[in-house]
Structures are given as C-alpha cells and as structure tokens.
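In full-length UniProt numbering, the protein residues as written are 1 to 247.
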Amino acid sequence: MQAPLTFAVDNRLPEILERVLQLLPKQRPVADTNPLDQLLYGVVAQGLSSAGATACFRRVKERFPSFVSLRDAEPETLRSLMVGVPSAALKAAAIPDILRLIEEAFGSLSLEPLSRLDQELALRFLTRLPRVTEEIAVSVLRFTGTDRLVLHIDRDVARPLRRLGLAEPGAPLSALPRQLIERSPVAWRSEDFAALSRGLTRVADRFCHQGRPDCSSCPLASLCPAAEKTEGKVVTFPFGKRKASLA
Ligand code: SF4
C-alpha cells in the first residue's frame, strides 16, 4: 500500500522553477543526447566550467568520433587533449575503462539496457564505474529515455531548499527528496526535478551561501521567507567595540 502524503502542494514551486531556469545555460534537447555521451561528458566536466567542459569534450569527440575508437584510445593521447583539465591523467585513463566495463556488462557500447533496470540498480551500476559520481549518474538517467523520477539533493541544494521552507525544519538530508516531491505539482516530470536541482545548486553557489546569504541579489527573494530574516542582519565580530558595517 502506498504511504499517505504528508505535505500539501506548494504553489510557489512553478515560479521557483521558472526563476532558477534563468540561471542555467540552455540545454540541448533530451532527444539529441546519447546517454553514453552524457556520461563521458560528466566525467570530463568535473572541476571545469561548462564552457571549458564543452570545449574539451568536443576535442575528444573530434579526435575519437566513435565509442569504439574511444574505447581503444591510448590514455596518453586522450590526456594530450585535456591540457589544463583537472585530474586529466585520471580522466584519460577512466574513459576507455568505462567503455570497456559497459561493453562487458551489456554486450554493446550502449546504455540503453539501463532503461530496463530499476532506478536503484541503474544508479548503482553507473556509480561503480571509474570517476562516475552520483550526480553524473543522475544526469545520465535523465537521458535514458525512461520517465523515472530522479532527484538529487546534496548539502548545497538542501540549503536554499530549507531556507525557502520546502523542507521541514531539522529534517535529515535523506528525507528531503520525498518532502519536495510531495510538495510539487503532480504534472512535474523527472526533467523538472532535475532542472530544479541544478538551478538550486546555482542559487546556493551564487547567493545562498553557507554563512550569510546574499538575499538582495537572489532571484528567489520575493518567494523566500528567510529573505526577510536575513536582510539587514548585522554580522558582528567578537572583538572590538565598533559597530560592524554591512559595506
Ligand atoms: S532569498 Fe536568501 S535565503 Fe532565500 S534562497 Fe535566496 S539567498 Fe537563500
């Protein structure tokens, strides 16, 4: 029997999604993206800006246009295409290994069989591949053609989520996905949750800092109950008698 819902739909969520989407670069349409490309792109992109990652991945694909050629690539050659890329040697060694492991598991260089696994198994398979984090795995599942709900909430995403009142006070990180799903419009699909998660990561990075958030610049301020509480709050130093300045 399905567990009863605990939280009512929060009518701010469509507007929150709309606003955080403005912070994200335009995505290629889902249908155009091969999940295996998305996986390899995710590995290359770790620690890079999106522009740097796109440029690097393009160099790799131009030199090795097929997955077969990439599987057989010498790590040294791959590394030479990643000048200035963090952990280049490790990434260059991981890419052919990832392709070989996928071929061993599925009999072909394709992630299409993931769509026949349940979400947990698919995530477990992907995160066992070298240098594939849970975040990369979640992004790959969005491109496998299934409509499963994949919601990634890490500590950074949780911060604005809690301040926006979209999580119960004191709720553990593991409880947040369900709390958010219950509060969301029933028509939302996995890509909406994925976009919200990516957008809130940007909000956390740019405005909703761990210490004092920059609410006056945050596009969510008019929807956020915490914005009023943090605006104008003076941070004082424990030493000295002068009043701390907000400048
Ligand atoms: S308004 Fe302030 S507290 Fe709310 S999400 Fe934005 S930065 Fe965080």
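Glycine included, every Cβ here is placed at the ideal spot set by N, Cα and C.
Measuring only the C-alpha atoms, how far is residue i from residue j?
i	j	result
G165	L24	22 Å
R206	I181	25 Å
E134	I153	10 Å
C56	V140	19 Å
R162	R63	45 Å
L78	L114	27 Å
E76	G47	20 Å
F237	D214	Low confidence applies to F237: its pLDDT is 38, below 50, so where it sits in the model is not reliable enough to give any reading.
F67	L200	33 Å
Q22	P160	16 Å
R28	G52	Any reading at R28 needs caution, since the residue's pLDDT is 49, under 50, leaving its predicted position unreliable; the model's value is listed next. Each residue's alpha carbon lies about 17 Å from the other.
A93	S87	10 Å
A105	A89	25 Å
P219	V20	8 Å
V44	P177	27 Å
A227	K61	45 Å
A175	R212	25 Å
Q210	D37	34 Å
Please say whether residue j and residue i have beta carbons closer to each other than 8 Å?
i	j	result
L129	S197	no
T144	P35	yes
V9	S184	yes
Q179	A187	no
L157	A204	Reading off the sequence shown, one finds Val at residue 157, where the question assumed Leu. In this structure, A204 lies closer than 8 Å to V157 by Cβ.
S190	R116	no
Roughly how far, in whole angstroms, is the beta-carbon of residue i from the beta-carbon of residue j, given that I think they are within contact range, below 8 Å?
i	j	result
G42	I136	3 Å
A59	L40	According to the sequence provided, residue 59 is Arg. The question's Ala does not apply to it. Rounded, the Cβ-Cβ distance is 13 Å, inconsistent with contact.
K91	V85	7 Å
L173	R202	L173 to R202, Cβ: 19 Å. No contact.
Under 8 Å, with one C-beta from each stretch per pair, do the stretch 103-121 and the stretch 11-19 reach the 3-pair mark?
Judged by Cβ distances under 8 Å, the stretch 103-121 makes no contact with the stretch 11-19, as fewer than three pairs qualify.
Quick test of the definition: if touching needs 3 or more C-beta pairs under 8 Å, does the stretch 65-74 touch the stretch 98-118?
Taking a cut-off of 8 Å for Cβ pairs, the stretch 65-74 and the stretch 98-118 touch, as three or more such pairs fall below it.
Which runs of the beta strand (DSSP E) at least 3 residues long sit entirely within the stretch 76-121? Give them in chain order.
Here no run is fully enclosed.
List, from N- to C-terminal side, the beta strand (DSSP E) runs of 3 residues or more that fit wholly inside the stretch 115-194.
The DSSP assignment places no complete run of the beta strand (DSSP E) inside the stretch 115-194 (cut-off: 3 residues).
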